[in-house]
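2 protein chains.
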Amino acid sequence: MSLKETDTEQIILLAAKEVFFKKGYDGARMQEIADEAGMNKALLHYYFRSKDKLFEAIFNDAFQKFIPRMVEKMASDASFEEKIISFVDNYITVIMEVPQIPNFILTEINRNPERIVEIMKKIGMQPEIIISGIQKDIEEGKIIAVNPKHLLINIIALCVFPFVAKPLLQNMLFDNNSGDYHTFLLERKKEVSQFIINSIKIN
Amino acid sequence: MSLKETDTEQIILLAAKEVFFKKGYDGARMQEIADEAGMNKALLHYYFRSKDKLFEAIFNDAFQKFIPRMVEKMASDASFEEKIISFVDNYITVIMEVPQIPNFILTEINRNPERIVEIMKKIGMQPEIIISGIQKDIEEGKIIAVNPKHLLINIIALCVFPFVAKPLLQNMLFDNNSGDYHTFLLERKKEVSQFIINSIKIN
DNA sequence: GTCTATATTGTGATAGAC
DNA sequence: GTCTATCACAATATAGAC
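Next up, the structure:
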């Protein structure tokens with residue numbers, strides 16, 4: 312494949328990402344993507360055939376980024392504290408690089424829940440490994456007895472929610488000063504892991 | 312106003328809610344709302360003039376339900392434990408009555424963040440009252456020293472996130488068995504308040 | 001108030017020149 | 001590979017009969 316061909320394709324993907332992230336599938340317009348990419352609508356179809364195919368490329372890539380790399384972190388031999396600190400810090404850092412992803416993914420998944428079944432198979436994220444990892448830590452007396460599924464959801468919720476609800480929380484707590492909210496999100500790396508550790512540590 | 316007029320209006324609102332909740336503003340079609348309501352498109356415009364106006368009616372109502380009634384609960388003289396238990400139980404119960412609301416509100420707010428400023432004024436939810444309430448509990452030594460804003464977000468995140476991410480979590484943890492997930496959400500009333508209390512209690 | 005018919009504009013997609 | 005022109009259909013909104 313020539314360099315030029317790959318180039319155009321990447322420009323389209325970048326533009327499409329921009330528009331789909333902001334407007335969602337239904338709100339996005341091929342015309343707007345073309346404008347954003349500085350080219351013609353027809354060219355989008357030449358490279359991706361349809362709006363659907365173009366969207367799918369964006370969605371699959373974003374979904375990969377959204378799914379936390381939990382297995383490596385949580386299934387190690389480190390102490391639970393270390394595992395939590397490392398996971399939370401890493402996950403929030405990753406999301407902050409493309410903070411629109413959580414809202415985009417959750418919106419699109421709710422719009423079309425059937426999509427999940429097929430996606431999950433491709434990814435193979437195996438939550439059972441994390442669940443049983445937590446179970447093991449409980450049995451070894453490292454943390455108090457909790458329902459692992461609830462704990463897992465709690466961890467993810469604490470990391471992700473501030474990004475999904477950003478416009479609301481930003482206005483509610485900081486009068487829309489985006490710099491403040493950014494600082495707030497950085498603080499959360501420590502706050503969240505501390506919050507979790509406190510709630511499950513053995514006294 | 313005659314009974315018949317109010318009747319039709321209510322039927323439209325009910326149908327619109329159904330469709331807007333599922334598809335969002337951009338995905339919703341006036342035709343589908345009309346079908347759902349068992350009447351003609353023209354009638355929707357007769358009662359609400361435009362898709363925008365109809366949407367606004369739905370959105371404002373849903374937003375009211377989404378904003379937790381925190382002030383009453385959190386500003387009382389009860390112990391912090393009691394306040395948390397009461398708030399979490401109540402909020403999750405309210406959301407479970409119309410579980411599509413969190414995703415609907417967060418999607419639409421991200422799609423059009425400008426909307427918030429104006430809405431927030433109307434509501435007057437005064438988060439400062441809750442923040443300073445938490446501050447007071449800290450000063451009185453009822454709970455450990457934490458950043459009140461982070462604690463507030465944590466509480467809301469733990470309650471709301473499982474609804475926003477339902478399709479994902481349901482598939483991830485329960486192989487799409489919706490009965491299991493419903494039970495899981497009911498369990499959270501206790502799990503979440505316990506989780507919060509553990510993390511901030513003084514040893 | 002409620003319906004049918006229609007105006008009008010928007011939007012994904014393709015044909016065909018260069 | 002990239003562009004212009006255009007098709008075909010979808011969607012909001014209105015006109016006007018009943």
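Order-wise, the sequence lines are chains A and B.
The numbering of the first sequence is our numbering, which starts it at 312 and goes up by one.
The numbering of the second sequence is our numbering, which starts it at 312 and goes up by one.
From the three backbone atoms N, C-alpha and C, an ideal C-beta is built for every residue, glycine too.
Since the structure is predicted, the reported quantities are computational estimates derived from the model, not experimental observations.
- Query: Is there a Cβ from chain B that is less than 8 Å from the Cβ of H461 of chain A?
  - Reply: At least one CB of chain B lies nearer than 8 Å to the CB of H461 of chain A.
- Message: Which residues in chain A have a C-beta closer than 8 Å to the C-beta of P410 of chain B? List them in chain order.
- Response: Correct list: empty, because the minimum Cβ distance to chain A is about 11 Å.
- Helix, strand or coil for R499 of chain A, going by three-state DSSP, please let me know. Three-state result, R499 of chain A: helix.
- Message: Quick check: what's the CA-CA separation for A353 of chain B versus E343 of chain B?
- Response: C-alpha separation (whole angstroms): 12 Å.
- Span of the alpha helix (DSSP H), counted from its first residue to its last, around G338 of chain A: G338 of chain A -> alpha helix (DSSP H) spans L314 to G338.
- Message: Just to confirm my understanding: we take F506 of chain A, look at its own chain, exclude 5 residues before and 5 after, and list those with CB closer than 8 Å. What are they?
- Response: So the list reads L469, once near-sequence residues are dropped.
- Message: Could you tell me the alpha carbon to alpha carbon distance between S313 of chain A and Y357 of chain A, rounded to whole angstroms?
- Response: Confidence at S313 of chain A is low in this model, with a pLDDT of 45, below 50, so the placement of that residue should be treated as unreliable; the coordinate-derived value is given next. Looking at the two C-alpha atoms, the distance is approximately 16 Å.
- Message: Out of A:V503, A:Y402 and A:A345, which one is the CA nearest neighbour of E329 of chain A?
- Response: Checked all of A:V503, A:Y402 and A:A345; the closest Cα to E329 of chain A is A:A345.
- Can you give me the Cβ contacts of K500 of chain B inside the same chain, cut-off strictly under 8 Å, excluding the 5 residues immediately before and after it? Setting aside the 5 residues that flank it on each side, K500 of chain B is surrounded in the same chain by V399, D400, I403 and T404, each with a C-beta closer than 8 Å to its C-beta; the list follows chain order.
- Query: Using a C-beta cutoff of 8 Å, does M483 of chain B count as contacting chain A?
  - Reply: Cβ-Cβ to chain A under 8 Å: yes for M483 of chain B.
- Task: List the residues of chain B whose Cβ lies closer than 7 Å to the Cβ of T418 of chain A, in chain order.
- Result: Within 7 Å Cβ-Cβ: T418.
- Message: I'd like to check one pair, S504 of chain B with I427 of chain B: are the Cβ atoms closer than 8 Å?
- Response: No, these two residues do not count as a Cβ contact at 8 Å.
- Note down, one range per segment and in chain order, each alpha helix (DSSP H) of at least 4 residues found wholly within the stretch 370 to 454 of chain B. You should have 381 to 385, 391 to 408, 412 to 422, 425 to 434 and 438 to 450.
- Item | 8 Å contact criterion, which P478 of chain B and N514 of chain A should meet: CB distance rounded | The pair is not a contact, with the Cβ atoms about 38 Å apart (cut-off 8 Å).
- Identify whether D363 of chain A lies in helix, strand or coil by the three-state DSSP scheme. Secondary structure of D363 of chain A (DSSP, three-state): helix.
- With distances taken between CB atoms, is the gap from I445 of chain A to P459 of chain A smaller than 8 Å? Less than 8 Å separates the beta-carbon of I445 of chain A from that of P459 of chain A.
- Query: Using the C-alpha atoms, what's the distance from S510 of chain B back to K432 of chain B?
  - Reply: Using only the alpha carbons, I get a separation of about 33 Å.
- Output the boundary residues of the alpha helix (DSSP H) element that contains V475 of chain A. Here the alpha helix (DSSP H) through V475 of chain A covers P459 to V475.
- Query: Between the stretch 330 to 352 of chain A and chain B, which residues of the former have a C-beta closer than 9 Å to a C-beta of the latter?
  - Reply: Of all residues in the stretch 330 to 352 of chain A, the ones placed with a Cβ closer than 9 Å to any Cβ belonging to chain B are K333, K334, G335, Y336, D337, G338 and A339, in chain order.
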